[in-house]
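Quick note: the sequence shown uses UniProt numbering, first residue 1, plus one each step.
C-beta atoms are modelled at their ideal positions from N, C-alpha and C, and glycine is treated no differently.
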Amino acid sequence: THTECVGHISKEFFSINQSLKNFFFKVKLISVSPELQSEDQVISVAKLKEQIKDSCPEALVIRTLPNYIEKRSKKYSHTNWPYLSEEAMLFIRQLNIKHLLIDLPSVDKEKDEGKLLAHKAFWNYPKNTRFEATITELIYVPNHVSDGDYFLNLQIASFENDAAPSKPVLYKIQ
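Set out below in structure tokens:
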């Protein structure tokens with residue numbers, strides 16, 4: 001699991017240690033089944049709207065379905081993993097979600113010729129860049145954890161790098 005800032009895709013250097021200043025957030029956990037589009041499995045804006053409606057706290061956790069435990073040790077290279085459409089990521093940005101956590105190796109398609117459309121849409125890069133926003137990839141949320149609202153403690157290693165190992169911890173709001 002790692003958390004990245006816009007420095008992960010920019011030509012300029014930006015550090016996750018400088019981008020992430022707060023480590024506690026209200027978060028919504030949703031489970032989404034990607035839809036088949038040609039040979040790709042895509043998380044579309046329609047799938048997100050089914051779960052989120054019109055508002056969300058500042059952080060969002062997306063658990064993809066099916067949610068099998070083997071995700072924790074899967075070798076994802078050359079598997080054409082599911083990804084978020086650019087429109088889905090624009091919707092996430094429009095909701096002002098600053099911290100996105102997902103159980104995939106990337107929010108973008110594995111082989112996208114370097115376009116990084118979802119990353120760029122989320123950070124609004126390169127114009128009006130959201131420097132305080134983060135993406136955490138390769139998380140795992142067990143099936144016994146229900147969709148809903150939680151409190152998130154997003155712990156990162158204190159590296160001056162564009163990304164750092166991280167440990168997101170969800171706490172149920174009673």
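Specify the secondary structure class of Gly114 as computed by DSSP and reduced to three states. For the purposes of this step, residue 114 is taken as residue 114 along the sequence shown, with counting starting at 1. In the three-state DSSP reduction, Gly114 falls in the coil class, being neither helix nor strand.
Among the candidates Lys26, Glu12, His8, whose CA atom is the shortest distance from the CA of Leu154? The residue labelled residue 154 in the question sits at position 154 within the sequence shown. The closest CA to that of Leu154, considering only Lys26, Glu12, His8, is found on Lys26.
Length of the line joining the Cα atoms of Glu86 and Tyr76: Reading the sequence shown from its first residue, position 86 is the one you call residue 86. Reading the sequence shown from its first residue, position 76 is the one you call residue 76. Roughly 21 Å between the two C-alpha positions.
Give a yes or no on whether the C-beta atoms belonging to Leu95 and Ile52 are separated by under 8 Å. Here residue 95 refers to the residue found at position 95 when the sequence shown is read from its first residue. Here residue 52 refers to the residue found at position 52 when the sequence shown is read from its first residue. Result yes, Cβ atoms of Leu95 and Ile52 sit closer than 8 Å.
Supposed close pair Leu84, Val61 - CB separation, criterion 8 Å: Counting from 1 along the sequence shown, the entry for residue 84 is found at position 84. Counting from 1 along the sequence shown, the entry for residue 61 is found at position 61. Incorrect: roughly 13 Å between the Cβ atoms, too far for contact.
State the CB to CB distance for the pair Ser10 and Tyr125, rounded to an integer number of angstroms; the pair is presumed to be in contact (CB under 8 Å). As a first step, residue 10 must be located in the sequence shown, where it is residue number 10. As a first step, residue 125 must be located in the sequence shown, where it is residue number 125. With a Cβ gap of about 6 Å, Ser10 and Tyr125 count as contacting.
Can you have a look at Glu70 and say buried or exposed, based on whether 16 or more other CB atoms are within 10 angstroms of its CB? For the purposes of this step, residue 70 is identified with residue 70 of the sequence shown, where counting begins at 1. Burial is judged here by how many other beta carbons sit within 10 angstroms of a residue's own beta carbon; Glu70 has fewer than 16 and is exposed.
Cβ pair count under 8 Å reaching 3, the stretch 131-151 against the stretch 28-45: At 8 Å Cβ cutoff, the stretches touch.
For the beta strand (DSSP E) that contains Asn153, what are its first and last residues? Counting from 1 along the sequence shown, the entry for residue 153 is found at position 153. For Asn153, the uninterrupted beta strand (DSSP E) segment begins and ends at 148-156.
Checking the sheet assignment: what are the DSSP bridge partners for Lys26? Residue 26 sits at position 26 when you count from the first residue of the sequence shown. Phe151, per the DSSP bridge assignment.
In whole angstroms, what separates the C-alpha of Gln174 from that of Arg72? Translated into the one-based positions of the sequence shown, residue 174 becomes position 174. Translated into the one-based positions of the sequence shown, residue 72 becomes position 72. Between the alpha carbons of Gln174 and Arg72 lies a distance of about 28 Å.
Rounded to whole angstroms, what's the CA-CA distance from Asn22 to Asn143? Just pull it up for me. Stepping through the sequence shown from its first residue, residue 22 is reached at position 22. Stepping through the sequence shown from its first residue, residue 143 is reached at position 143. Approximately 28 Å between the Cα atoms of the pair.
List the DSSP bridge partners of Asp162. Numbered from 1 along the sequence shown, position 162 holds the residue referred to as residue 162. As computed with DSSP, Asp162 is found in no beta bridge at all.
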